Structures are given as structure tokens and as C-alpha cells.
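A.B. asks: Could you have a look at this structure, given as C-alpha cells, before my questions?
There are 2 protein chains.
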Amino acid sequence: MTQDTLRSRLIMAGLEILQEKGLAALTLRACAARVGVSHAAPAHHFSGLPGLLAGIIAKGFTQFADTMEEDRNSAEQTPIGRLCGLCNGYMRFSREHPALFTLMFNTSGEVDTDDPAFCRASDRAYNLLHETCTPYLPVSPQSAATEVLVWALVHGLATLQHSGRIVVTESEGETPTIEDLLRSLPLKLHT
Amino acid sequence: MTQDTLRSRLIMAGLEILQEKGLAALTLRACAARVGVSHAAPAHHFSGLPGLLAGIIAKGFTQFADTMEEDRNSAEQTPIGRLCGLCNGYMRFSREHPALFTLMFNTSGEVDTDDPAFCRASDRAYNLLHETCTPYLPVSPQSAATEVLVWALVHGLATLQHSGRIVVTESEGETPTIEDLLRSLPLKLHT
DNA sequence: CCTTTTTACTTGACAGTGTCAAGCTGGGTG
DNA sequence: CACCCAGCTTGACACTGTCAAGTAAAAAGG
Chain A
232 MTQDTLRSRL IMAGLEILQE KGLAALTLRA CAARVGVSHA APAHHFSGLP GLLAGIIAKG
292 FTQFADTMEE DRNSAEQTPI GRLCGLCNGY MRFSREHPAL FTLMFNTSGE VDTDDPAFCR
352 ASDRAYNLLH ETCTPYLPVS PQSAATEVLV WALVHGLATL QHSGRIVVTE SEGETPTIED
412 LLRSLPLKLH T
Chain B
232 MTQDTLRSRL IMAGLEILQE KGLAALTLRA CAARVGVSHA APAHHFSGLP GLLAGIIAKG
292 FTQFADTMEE DRNSAEQTPI GRLCGLCNGY MRFSREHPAL FTLMFNTSGE VDTDDPAFCR
352 ASDRAYNLLH ETCTPYLPVS PQSAATEVLV WALVHGLATL QHSGRIVVTE SEGETPTIED
412 LLRSLPLKLH T
């Protein structure tokens with residue numbers, strides 16, 4: 232357990248509200264009420280709502296990176312196996328924490344993206360992707376092509392499924408999984 | 232010009248606010264004020280905020296489909312040329328209408344997704360993608376694989392660029408464009 | 001032509017939100 | 001002991017969406 236400061240308790244409360252009641256229910260006052268303090272208490276630990284959101288998102292990116300790392304490391308330890316594992320973790324996180332995932336990737340201005348904890352956690356998640364892509368040659372002349380390709384692919388699929396625009400069919404005759412798509416890519420190992 | 236009813240004028244006002252001041256400024260009362268009616272007038276034409284948003288989004292999808300169709304039809308008329316044109320339109324729309332794009336693909340519950348106009352416009356946009364992908368074989372056993380691959384790719388890239396997570400470098404030595412990525416895919420024509 | 005109803009909108013209220021200013025309170029420092 | 005100051009509370013403000021009641025004008029019915 233992290234420190235039991237009011238700051239961290241407010242972040243925990245926010246994550247719980249997000250998980251239980253969704254994004255619309257996540258308010259400063261609701262977090263304060265759940266922790267049992269007055270509605271203006273959070274302002275002494277965060278710079279308003281944007282600051283609290285940044286704290287919640289930072290924690291979210293840590294859990295996100297944990298999920299990806301876990302699934303990557305428990306997969307078959309080949310380049311493509313690790314990549315599929317990582318992306319399965321990406322998809323799993325977006326499925327298991329839909330509201331948090333939306334919040335994390337929907338920073339439409341009202342969240343403080345300069346928060347140091349946010350940057351650290353966000354960078355860690357990105358580095359996982361970067362590492363897992365290093366065995367591969369760029370798929371086009373641009374040096375970052377492969378990781379951009381993989382990232383855009385998995386992020387787009389997660390987002391579109393999560394918003395109901397691509398429905399995951401049980402019969403699996405129609406809709407491909409992220410693993411199907413990744414294995415269809417022309418990825419080539421270095422030398 | 233569409234009909235000058237209050238309904239359509241409110242939708243237009245919403246689109247303008249979205250473009251000028253962003254998503255956070257889009258409120259029922261702001262739309263009503265811009266049109267010059269009282270704050271409760273919109274309730275007689277939409278079922279509350281979710282209904283107004285559905286109307287705005289429906290108009291947004293129409294413009295979105297127009298943009299894609301335009302860029303697709305003015306591109307080189309080969310299967311890959313048309314596909315690149317379509318996706319360039321996708322990217323262009325997300326760049327030119329960031330707030331509207333966020334609203335359209337971020338229906339986190341507070342928008343009425345049963346609105347018939349919304350469904351019609353949304354279906355039209357999807358059908359453009361579907362059509363443009365039909366010349367190609369599925370990239371994996373799943374019949375919808377190619378269009379899901381393309382859609383996830385372009386949508387992910389648009390979303391990640393739009394939220395600043397992938398920055399478009401001018402030097403173009405690092406970051407690939409959607410066209411680079413599409414042309415790197417192993418797409419095969421039918422027979 | 002007069003009455004009635006319906007539609008389109010206004011006005012006013014309500015609970016909820018984030019934010020700010022002022023006040024309290026208890027523990028540490030001079 | 002006096003002080004002060006971080007941590008929290010209380011109360012207010014402007015803003016939001018939504019609802020109920022009222023109004024004015026157009027449409028409908030006789």
C-alpha cells in the first residue's frame with residue numbers, strides 16, 4: 232500500500248469511483264466525500280481538478296504498464312510472442328478499466344500534462360512498447376515506423392472496441408483479434 | 232444551406248462553438264445564447280444534452296464522410312491510391328476539427344447513440360471504408376480483417392497524434408505518415 | 001368569426017459542479 | 001508563552017443541465 236496521505240487516498244477514491252460508476256461520476260466533491268473530507272480539501276493537495284486528474288492518470292499509467300509488462304513476460308519469449316503479449320495486455324487493460332482508459336487517453340485540455348508523476352508513468356508505458364519493438368526493422372524508411380505502426384494499431388483497436396464501434400464477436404469468424412492483426416504484419420527481425 | 236429551423240440552427244451553433252472554443256465550451260446554454268433563444272429552448276427540439284450532442288455528431292459524421300470521399304476521389308484511382316486518399320481524409324478531418332472528432336469518437340455514455348440521423352451518417356462513413364477495402368483479400372482468416380486493420384491503424388494514428396502523444400515532426404526522418412504505414416502493409420488484391 | 005387546443009418558447013427555480021476567500025484548529029517553533 | 005502556519009472546513013459565487021409553470025401566437029374546430 233502506498234502512503235496513507237490524503238493525497239493518495241483521494242487518488243484511490245478517484246480510481247474506485249471511475250471503476251464503479253464511470254467517468255461522469257468522477258468529481259472533486261465525490262472523491263472528497265468518499266474519503267470523508269470536505270469538498271474543498273482536495274484543493275490543498277492538487278491544483279484543482281486538472282491536478283487531481285493528473286494524479287489519477289499517473290496511477291492509471293502505472294497500472295497500465297504493469298499489465299502490459301505482466302502479459303508480455305508471461306508470453307512465449309520470442310520477439311513476436313512478446314509483442315503479442317504486450318498488446319494483449321494493452322487490450323486487456325482497456326477492457327478491464329474502460330473509464331480509466333478513456334480518461335488517460337482523452338486529455339482534452341482539462342488535465343495537467345506537466346505533472347512529473349504523470350510524465351514518468353507515461354514514459355514507462357511508452358518505453359515498454361519501444362523495447363518490445365526494437366528487435367524489428369522499421370517497416371518503412373522512417374526509423375520509428377514499426378512502433379508507430381504497432382501502437383496506432385493496438386490503440387485504435389482498443390479505442391474502437393471500447394466505444395462499441397467494433398464489436399467483439401464470440402463466433403470469431405468475422406472479427407480479428409489484435410494477435411491476428413499483429414501476426415499479419417510484415418515484421419522483419421534485424422539482420 | 233439546411234433548413235433554418237431552430238433545431239438546425241442550434242446544431243450549427245454547436246459546431247461553431249466546438250471549432251472556436253473547444254469541447255469544454257460546448258454547453259446547452261451556450262448554444263441557446265449564440266442562437267439568441269432562452270436557455271431552455273433546446274429542450275423542445277432535443278431530449279436534453281445527449282440529444283443535442285447526437286445531432287451535432289450526426290452532422291459531424293456527414294462532414295467526416297464528405298471529407299473522406301473527397302480525398303479518396305481526388306487521389307490516384309488505384310486500390311491503394313484510393314485507400315490512401317480515404318485515410319488522408321480521415322487524418323485531415325481529425326486535424327481540422329479536433330474537438331468535433333473527439334466528441335464523435337468519445338461517446339462515453341452521455342450521448343444518444345440511437346438517434347436515427349446519427350446512425351445513418353455513421354453508417355455512411357463506415358461504408359466508405361468498407362467499399363474502399365473490398366478490392367483486398369483479408370489479411371488473416373477473419374473476413375473483416377483488412378478493414379479492421381486499416382480502420383484501427385488510421386484511427387489509432389489520428390487519436391494519438393491529436394492528443395499529442397505522437398508528434399508530427401517536420402523533418403520527416405522519424406515519424407511515418409499514414410500513407411507510409413498503409414503502403415507497408417501486405418495488402419493483396421482479389422485473385 | 002369565435003373558441004379551443006396545440007406548439008414554441010420564456011421565466012424561474014433546483015440540485016449539482018469547480019473554485020475562491022475567509023475562518024478555524026492543532027501542533028511545532030521562536 | 002506567543003506565534004504561525006499547514007491542513008482542513010465553511011460559505012459563497014458563477015456556472016451547468018433539467019424540470020415545472022406560464023405566455024403568446026398559430027392552428028384547428030365549430
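Protein chains in written order, with my numbering: chain A, 232 to 422; chain B, 232 to 422.
Positions of the beta carbon are idealized from the N, C-alpha and C atoms, including for glycine.
Being a predicted model, the structure only gives us computed values, none of them experimental.
Alpha carbon to alpha carbon, what distance is there between A:A289 and A:C350?
C.D. replies: Roughly 8 Å separates the two Cα atoms.
A.B. asks: Looking only at its chain, what residues have a beta carbon closer than 6 Å to the beta carbon of A:L420, apart from the 5 residues adjacent to it on each side?
C.D. replies: Excluding residues within five positions, the ones whose Cβ falls inside 6 Å are P366.
A.B. asks: Shorter than 9 Å from the beta carbon of A:S394 to some beta carbon of chain B?
C.D. replies: At least one chain B Cβ lies under 9 Å of A:S394.
A.B. asks: By alpha-carbon positions, which one of A:L416, A:R323, A:A389, A:A255 ends up nearest to B:P369?
C.D. replies: Comparing Cα-Cα distances from B:P369 to each of A:L416, A:R323, A:A389, A:A255, the minimum goes to A:L416.
A.B. asks: Tell me whether B:L420 sits in a helix, a strand or coil according to DSSP, three-state version.
C.D. replies: Note: B:L420 maps to strand in three-state DSSP.
A.B. asks: Taking all protein chains shown into account, do 16 or more other C-beta atoms lie within 10 angstroms of the C-beta of A:T275, making it buried, or fewer, making it exposed?
C.D. replies: First, the amino acid is wrong: residue 275 of chain A is His here, not Thr. Label assigned to A:H275: exposed.
A.B. asks: Do B:T333 and the ligand COA come close, with the Cβ less than 8 Å from some heavy atom?
C.D. replies: Ligands are entirely absent from the displayed structure, and the ligand COA is therefore not among its contents.
A.B. asks: Excluding the five sequence neighbours on either side, which residues of its own chain have a C-beta within less than 7 Å of the C-beta of A:A306, listed in chain order?
C.D. replies: Counting only Cβ-Cβ distances below 7 Å, and skipping sequence neighbours, we find G312, R313, C315, G316.
A.B. asks: Apart from the five residues on each side of it in sequence, which residues of its chain come closer than 6 Å, Cβ to Cβ, to A:E410?
C.D. replies: Cβ within range, chain order: C315.
A.B. asks: Applying the criterion that 16 or more other CB atoms from any shown protein chain within 10 Å of the CB defines a buried residue, is B:Q308 buried or exposed?
C.D. replies: So B:Q308 ends up on the exposed side.
A.B. asks: Between A:L384 and the rest of its own chain, which residues show a CB-CB distance below 7 Å, the 5 nearest in sequence each way excluded?
C.D. replies: Correct list, in chain order: L412.
A.B. asks: Can you give me the Cβ contacts of B:A356 inside the same chain, cut-off strictly under 6 Å, excluding the 5 residues immediately before and after it?
C.D. replies: These residues qualify, in order along the chain: F292, F295, A296.
A.B. asks: Just checking my contact of A:D302 with A:G320 at CB under 8 Å: how many whole Å lie between their CB atoms?
C.D. replies: About 3 Å separates the two Cβ atoms, so the contact holds.
A.B. asks: Tell me the rounded alpha-carbon separation between B:I242 and B:I248.
C.D. replies: Their Cα atoms are separated by approximately 10 Å.
A.B. asks: Kindly indicate which residue of B:H393, B:R326, B:P347 has the alpha-carbon position closest to the one of B:T298.
C.D. replies: Closest option to B:T298, Cα to Cα, is B:R326.
A.B. asks: Answer with yes or no whether the minimum CB distance from A:G387 to chain B is below 9 Å.
C.D. replies: For A:G387, the answer is yes, since a Cβ of chain B falls inside 9 Å of its Cβ.
A.B. asks: From the DSSP output, read off the bridge partner residues of A:Y357.
C.D. replies: DSSP lists no partner for A:Y357.
A.B. asks: Please identify the residue among B:R414, B:V399, B:G404, B:S394 whose C-alpha is closest to the C-alpha of B:V381.
C.D. replies: Per the Cα distances, B:R414.
A.B. asks: Comparing C-alpha positions only, which one of B:H386, B:I397, B:L331 sits nearest to A:E378?
C.D. replies: Among B:H386, B:I397, B:L331, the Cα nearest to that of A:E378 belongs to B:I397.
A.B. asks: So is A:V399 buried or exposed if we call it buried at 16+ other beta carbons inside 10 Å?
C.D. replies: It counts as exposed.
A.B. asks: Within the continuous alpha helix (DSSP H) that includes B:I311, where are the two ends?
C.D. replies: Here the alpha helix (DSSP H) through B:I311 covers 310–327.
A.B. asks: Using the beta-carbon count (16 or more within 10 Å), is A:L418 buried or exposed?
C.D. replies: Buried: at least 16 other Cβ atoms inside 10 Å.
A.B. asks: Can you tell me where the alpha helix (DSSP H) with A:I397 in it begins and where it stops?
C.D. replies: Element bounds for A:I397: n/a, residue is neither H nor E.
A.B. asks: Measuring CA to CA, which of B:I287, B:G404, B:T363 is closest to B:D343?
C.D. replies: Ranking the options by Cα distance to B:D343, first place goes to B:I287.
A.B. asks: Apart from the five residues on each side of it in sequence, which residues of its chain come closer than 8 Å, Cβ to Cβ, to A:H361?
C.D. replies: Here the set comprises E378.
A.B. asks: Going along the chain, which residues of its own chain have a beta-carbon closer than 6 Å to the beta-carbon of A:A375, five neighbours each way excluded?
C.D. replies: Correct list: empty, nothing qualifies.
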